[in-house]
Amino acid sequence: MLLSRLAQKLGLKLIGDDLEITGVNTLDMAREDEISFLANPRYLPLLETTNAGAVIVDEEHADKLSRALISKNPYLDFVRTVQLFAKPQGSFVGQSPLAFIHEDARVHPTAVIYPHVYIGPGVKIGENTQIFPSCYVGEDSVIGDNCIIYPNVTIMARTIIGNNVIIHPGAVIGSDGFGFAQGGPGLEKFPQIGKVVIEDNVEIGANTTIDRAALGETRVGQGTKIDNLVQIGHNVKIGENSILVAQVGIAGSTTLGKNVILAGQVGVAGHLKIGDNCRVSAQSGVGKNLPPHTDVGGSPAMEHKTYLRTSVILPKLPELVKTIKKMQKEIEELKQAKSE
Amino acid sequence: MLLSRLAQKLGLKLIGDDLEITGVNTLDMAREDEISFLANPRYLPLLETTNAGAVIVDEEHADKLSRALISKNPYLDFVRTVQLFAKPQGSFVGQSPLAFIHEDARVHPTAVIYPHVYIGPGVKIGENTQIFPSCYVGEDSVIGDNCIIYPNVTIMARTIIGNNVIIHPGAVIGSDGFGFAQGGPGLEKFPQIGKVVIEDNVEIGANTTIDRAALGETRVGQGTKIDNLVQIGHNVKIGENSILVAQVGIAGSTTLGKNVILAGQVGVAGHLKIGDNCRVSAQSGVGKNLPPHTDVGGSPAMEHKTYLRTSVILPKLPELVKTIKKMQKEIEELKQAKSE
Amino acid sequence: MLLSRLAQKLGLKLIGDDLEITGVNTLDMAREDEISFLANPRYLPLLETTNAGAVIVDEEHADKLSRALISKNPYLDFVRTVQLFAKPQGSFVGQSPLAFIHEDARVHPTAVIYPHVYIGPGVKIGENTQIFPSCYVGEDSVIGDNCIIYPNVTIMARTIIGNNVIIHPGAVIGSDGFGFAQGGPGLEKFPQIGKVVIEDNVEIGANTTIDRAALGETRVGQGTKIDNLVQIGHNVKIGENSILVAQVGIAGSTTLGKNVILAGQVGVAGHLKIGDNCRVSAQSGVGKNLPPHTDVGGSPAMEHKTYLRTSVILPKLPELVKTIKKMQKEIEELKQAKSE
């Protein structure tokens, strides 16, 4: 693609002469026919040495380059450039005779069904949606348009999935929630008869598990992005455009607002309300409701600034204990001196 | 089902006139032909507003309702009611010609084998057991009666599974334990030649992994319930009716007793003994043996009451350090005054 | 196998008369025709009671036995003995007509392709490699010789896998990294166009996920062993012979050196450098670069010795707070006495 054409598509100003761009890359790896970007000032020195044919930068750094696209958000514009050059995965077309498609399923003619897929009765699959090999779509589930369901994904019965949803390999949607009653001879299973709803533009990571509701629904709000190996318990509700990093776990019936960010390995207890725009730092454990715009850290989680200060003190505890013992001795000596 | 018939099945007393019940639901969502329950006093106000046709309650709250079933354990009786109304997942019958069933496998004629299942030689599958699509059952494994093996489950060779076991999608039973010897040119693999035994009435969550023993066996005791994304190392033994919540990890050769509860994201080190009825709170790390009936929390885990107190102090550490510095100064002044 | 033959193969000295050995086992379970080992002094008393036909021990303990192989590293030599007796999993031979193998894939004639496997165009699979049922190998991926890819594994497009690699069931290699840009109407996806490279002799655990690079590559160095349910983010580089225990998570663009050991449930933040021979204890959270040969523990991680001391102090914090309050009172009294 001509650089001038790319500038036009992105609405950016081109500095320097035109060039045929064949791909995208980092500053240190880019060749002379590739475009790169500078977003993190850490990489500023690479502007001097990069072989990139062009660089997407902000106005401030443009003078260091003979050929550049000027952007107010170079990372966002580079991402949009990558979108133009990226080739989607997979190569199958049509609906494989090696797939099992129940006669009572309605699969749009433009949908791609790979070999070894199982599609149960009452399932509806929308336009241009792709179902990769060894996926299971249980009875009466609905999958919208332009979805990509990668290999070995399991979608249990009556799950509702919107449009433009991406589900990565091995994810499980609609498995039973974890509910048992005590009081009988053993633990008695609460059959999980609710469902899961995944709204538009959601992305779900590899081997992530999202449980169906006991009664009612588990819901992932539109635009929310979920990383790998995340656990979402039954009846959890997640708002729009939230980000759940890898290995997060959310216990049953908890509600997350919009634009919430949970960093890696965070745990959130059940029956909580986490407000809009909350941010929880990695490995934290949230055991209480959080009002909107709260930043927390630690296990159990505390206000994030306090967490940072506490984290600095923890390795000094042994020293602190020595200090206290010394002080005790000094007080004892002072008391003794007084009584003499 | 008639409410009177339900009362009879559960052995409960019916208050009010009879009614045809068509389903179960929460107090706030139930319609007039559905039955609900009250177990958590938090939801008491909903008794005034619910549209539920009938409610399972304890004696104490029955007077607030015109139609109720009186129970000593409303949650347990509601769970049993849900069991009567729940419809199982899946719709396939028979043994699919799209499955691979080795000629030396013995599959009971009432067992259901979905398309794209692989069943190896020497495998035995019992009555009414269902194997969903894309499951693998390795050679010489035995699966008992009335089991449900959901899609994409892997059961490696020589695994023994009892009756009424439920395995959720993507779980892996009998993968190699993690054992390597140092001292050679690289890490040398200890081939894991032991097996896994899953006793009756066990439930295993989605994408959970249970490793086969190095030598001997890994065993999950009867009635134990395991949530999603749990890791069970080689040679672990788990007693009866224990509960392992999501993302728990248990390292090799550890033994858990009966009725143990490990909350979400707990880690237990290897070669430990965790006694009957122990409870470990979420995200804790257990590095020592626990005698029966011990409650612990924290990482590393401590007595649970101490953990709660410590958790209150942690966010106050910065304040505490200030206090200590102030005290140091005061002591210095007192010493100075004394020496003057 | 004759014990004398085994001694010869391992280069060990045989004490006592010869014997036909039929298997391997632990000291307490071994029968009279099985061989066992003593590596951990904890099990020394079992030498008196074991029924094992022979035991691999160091010189020091040989006198307690009538039949033994003398080794400087009994565990390593036992592991090599197990390797001689272990029977590999699986029983299929050839390339199943129930598999989908794209006509543009090059599968070596000695490779084993089980039923329900999907192999995309441009894929190359080496000698004696086995692909178990329901695996997916995306377009242009390369898998070397003597690899074992267990059931339900997903290998996305353009992944490069060396020789003698073992991938356990349900693992996902080459799923999209987790990258999104903010600033548009929602979160915009950074298409992950890099790849994953797995070097020779690597082992990857069940349901582990390794993301493809955004640009460039994610790489796992030769001989490295990864346990179950581990998350490896995009552009991570791991050196040779490292060990990642179950449920570890490594965020994007972090580099690990050689011989690094991350214990269970450890989290490592993104864009870090962890030097050769570093060791991180279980559940720790690493947020800073670590120079080679560093041992750390805790979340956030600190020097390991400090972590151990701090861990002893934590449960004593409530007592410490009482002590400080008492001291405050005493100081107050001393000050008052002075001013009187």
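These protein sequences, in sequence, are chains A, L and R. Quick note on numbering that gives the first Met the number 0: the first sequence kicks off at 0 and runs consecutively. Quick note on numbering that gives the first Met the number 0: the second sequence kicks off at 0 and runs consecutively. Quick note on numbering that gives the first Met the number 0: the third sequence kicks off at 0 and runs consecutively. All residues carry an ideal CB built from backbone N, CA and C; glycine is no exception.
CB-CB length for residue i against residue j, believed under 8 Å
{"i": "L/I237", "j": "L/K224", "result": "At roughly 10 Å, the Cβ-Cβ gap does not stay under 8 Å, so L/I237 and L/K224 are not in contact."}
{"i": "A/D342", "j": "A/A245", "result": "Lying outside 0 to 339, the shown extent of chain A, residue 342 of chain A is not represented and no answer is given."}
{"i": "L/S70", "j": "L/V56", "result": "7 Å"}
{"i": "L/Q230", "j": "R/L228", "result": "5 Å"}
{"i": "L/Q129", "j": "L/I148", "result": "7 Å"}
{"i": "A/F177", "j": "L/G204", "result": "7 Å"}
{"i": "A/G256", "j": "A/G274", "result": "5 Å"}
{"i": "A/K323", "j": "R/L319", "result": "It is worth fixing the name first, because residue 323 of chain A is Ile in this sequence and not Lys. The pair is a contact, with the Cβ atoms about 7 Å apart (cut-off 8 Å)."}
{"i": "R/D17", "j": "R/S3", "result": "5 Å"}
{"i": "A/V401", "j": "A/K123", "result": "Outside the shown range of chain A, which is 0 to 339, sits residue 401 of chain A, and nothing can be said about it."}
{"i": "A/P40", "j": "R/I312", "result": "The pair is not a contact, with the Cβ atoms about 40 Å apart (cut-off 8 Å)."}
Cβ neighbour criterion (16 or more within 10 Å) applied to residue i
{"i": "L/S133", "result": "buried"}
{"i": "R/E352", "result": "Lying before the first or after the last residue shown, residue 352 of chain R is absent from chain R, which here runs from 0 to 339."}
{"i": "A/N234", "result": "buried"}
{"i": "A/E33", "result": "buried"}
{"i": "A/M301", "result": "buried"}
{"i": "L/P44", "result": "exposed"}
{"i": "L/T353", "result": "Nothing can be reported for residue 353 of chain L: it is not among the residues displayed for chain L, which extend from 0 to 339."}
{"i": "A/T48", "result": "exposed"}
{"i": "L/P114", "result": "buried"}
{"i": "A/G401", "result": "For chain A, the structure presents residues 0 to 339; residue 401 of chain A sits outside this window and is missing."}
{"i": "L/R105", "result": "exposed"}
{"i": "L/K359", "result": "With chain L represented from 0 up to 339, any question about residue 359 of chain L goes unanswered, as that position is not in the structure."}
{"i": "R/P96", "result": "exposed"}
{"i": "L/P184", "result": "exposed"}
{"i": "A/D76", "result": "buried"}
{"i": "R/N288", "result": "exposed"}
{"i": "R/T293", "result": "buried"}
{"i": "L/G10", "result": "exposed"}
Beta-carbon contacts of residue i that lie in its chain and below 6 Å, excluding the five residues immediately before and after
{"i": "A/H270", "result": "S252"}
{"i": "R/T31", "result": "First, the residue type needs correcting, since residue 31 of chain R is Glu and not Thr in the sequence shown. Around R/E31: N50 and G52."}
{"i": "R/T153", "result": "Y135 and V171"}
{"i": "L/I14", "result": "A61 and A67"}
{"i": "L/D175", "result": "Q191"}
{"i": "R/G297", "result": "S283 and Y306"}
{"i": "R/P291", "result": "G274, D275 and N276"}
{"i": "R/G222", "result": "N200, E239 and N240"}
Beta-bridge partners of residue i, as assigned by DSSP
{"i": "L/Y135", "result": "L/Y117 and L/T153"}
{"i": "R/A67", "result": "R/I14 and R/V54"}
{"i": "R/M28", "result": "In the DSSP output, where bridge partners are listed per residue, R/M28 has none listed."}
{"i": "A/F77", "result": "Looking at the DSSP assignment, A/F77 forms no beta bridge with any residue, so it has no partner."}
{"i": "L/L333", "result": "DSSP lists no partner for L/L333."}
{"i": "R/K272", "result": "R/T254"}
{"i": "A/V201", "result": "A/V201 pairs with nothing; no bridge assigned."}
{"i": "L/L43", "result": "Answer is none; L/L43 lacks a bridge partner."}
{"i": "R/D294", "result": "R/R278"}
{"i": "L/S35", "result": "L/V54"}
{"i": "L/F99", "result": "L/Y117"}
{"i": "L/M301", "result": "L/G296"}
Below-9 Å beta-carbon distance, residue i vs any chain D residue
{"i": "L/N200", "result": "Here chain D cannot be found, since the structure's protein chains are A, L and R."}
Own chain residues within Cβ distance below 7 Å of residue i, not counting five before or after
{"i": "R/G215", "result": "G193 and N234"}
{"i": "R/E19", "result": "L1 and D32"}
{"i": "L/D103", "result": "P120 and G121"}
{"i": "L/T109", "result": "E126 and N127"}
Proximal residues to residue i (C-beta, below 8 Å), its chain only, five neighbours per side dropped
{"i": "A/L186", "result": "F179 and A180"}
Taking one C-beta from the region 277-284 of chain A and one from the region 248-265 of chain A each time, how about it: are there three or more such pairs within less than 8 Å?
yes
With a threshold of 8 Å, are at least 3 pairs of Cβ atoms found where one atom belongs to the region 73-91 of chain R and the other to the region 193-204 of chain L?
no
Within the chosen definition, does the region 157-170 of chain R reach the region 60-78 of chain A through at least 3 CB pairs nearer than 8 Å?
no
Below 8 Å, can you find three or more Cβ-Cβ pairs linking the region 210-225 of chain A to the region 165-177 of chain A?
yes
Check whether the region 111-119 of chain A touches the region 70-82 of chain A, counting contact only when three or more Cβ pairs, one atom from each stretch, lie closer than 8 Å.
no
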